[in-house]
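*Asks:*
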Amino acid sequence: MAKNAINCEGCHRLGDFLEAVKKDFHKASKIYKFNCDDYKYGKSCFKYGNYSFLGKGCKADLDRAFEYYSIGCENASPESCLHAGLMLTSTKKEEKKPWKKDYVKGLEFLDKGCQGKNGTSCYFASGIFITGAPDVPKNMEKAFEYSQKACELDNIHACANLSQMYRKGDGVKKDTSLAQKYKDKALEMQEQIKKGFRQIEFEQGT
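Mapping of the sequence shown onto our numbering: position 16 corresponds to residue 88, and the numbering continues sequentially without gaps.
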């Protein structure tokens, strides 16, 4: 392993230690920023992007958050791609501050996150094509492709959408057997999630 790789991983672990154990978010944010600026370590770029977005350990700054998500995306952090894409495409009414939207560029980030095997990126990309957006026309064929990738990466919502697409013949040839297959997969995942919650509750009660 290259020396720089060892150094940047060690820096990131130090940041995680300061965050999780010492609860010193200010120092952790400095470590993540340094590790991103000097080593371009994607995971640290993502963490500092989060800190900047939330105002955790540093002053909240959406432009800075987007900058570090973008750097992280260029450096093997699919989670950074997801968050950069969401900043450009999210339409949630509860957003604390308004921010510029660019659905074409946002889709590029989401696609890169999807290619990096981030199922949530694939799911949100499919959602944009299902409804359409400014400068991005509705395209059920592309929506199907992204939904399929997201479901393969175990995104439960994408599996449910995939089932509906096969049932209605939206973006793909109608196939009731495949519609049932993906419905069953979504239901199975739902049960696993419920069991996981029960397990957590049991462990907390011991």
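The beta-carbon is built from N, C-alpha and C at its ideal position, and this holds for glycine as well.
Straight-line CA distance for Val244 to Gln252?
*Replies:* Computed Cα separation, rounded: 15 Å.
*Asks:* Here's the rule: buried if 16 or more other CB atoms are within 10 angstroms of the residue's CB, otherwise exposed. What is Thr203?
*Replies:* By the 10 Å Cβ count, Thr203 comes out exposed.
*Asks:* Using alpha carbons as the reference points, say which of Phe196, Phe97 and Ala137 lies closest to Ser162.
*Replies:* Nearest option by C-alpha distance: Phe196.
*Asks:* Report all residues from its chain with a CB closer than 8 Å to the CB of Ala205; omit the five preceding and five following residues, and keep chain order.
*Replies:* Correct list, in chain order: Thr161 and Tyr175.
*Asks:* What does the alpha-carbon distance come out to for the pair Lys267 and Asp110?
*Replies:* Cα to Cα, Lys267 sits roughly 43 Å from Asp110.
*Asks:* Identify every run of the alpha helix (DSSP H) within the region 129 to 184, keeping only runs that are complete inside it and at least 4 residues long; order them along the chain.
*Replies:* You should have 134 to 145 and 150 to 161.
*Asks:* Note down the Cα distance separating Tyr218 from Cys194, rounded to an integer number of angstroms.
*Replies:* Rounded to the nearest angstrom, the two C-alpha atoms are 5 Å apart.
*Asks:* With a CB to CB cut of under 6 Å and the five nearest residues on each side skipped, what residues in its chain are close to Ala232?
*Replies:* Closer than 6 Å at Cβ, skipping near neighbours: Ala258.
*Asks:* Give the C-beta separation of Gly87 and Ser116 to the nearest angstrom, bearing in mind that I take them to be a contact with Cβ-Cβ under 8 Å.
*Replies:* Their Cβ separation, rounded to whole angstroms, is 6 Å, which keeps Gly87 and Ser116 in contact under 8 Å.
*Asks:* Can you tell me the Cα-Cα spacing of Asn227 and Thr248, whole angstroms?
*Replies:* Distance between the alpha carbons of Asn227 and Thr248: 21 Å.
*Asks:* Verify whether the separation of the beta carbon atoms of Phe89 and Cys145 is less than 8 Å.
*Replies:* In this structure, Cys145 does not lie closer than 8 Å to Phe89 by Cβ.
*Asks:* What distance in whole Å lies between the Cβ atoms of Ser124 and Tyr113, which are believed to be in contact at a cut-off of 8 Å?
*Replies:* Not really, about 16 Å apart at Cβ, beyond 8 Å.
*Asks:* Tell me whether His98 is buried or exposed, calling it buried when 16 or more other Cβ atoms sit within 10 Å of its Cβ.
*Replies:* His98 comes out exposed.
*Asks:* Where does the unbroken alpha helix (DSSP H) through Ala232 begin, and where does it stop?
*Replies:* Unbroken alpha helix (DSSP H) run through Ala232: Ile228 to Lys240.
*Asks:* Quick check on the burial criterion: 16 or more other C-beta atoms within 10 angstroms. Buried or exposed for Ile103?
*Replies:* Looking at its Cβ environment, which holds 16 or more other Cβ atoms inside 10 Å, Ile103 is buried.
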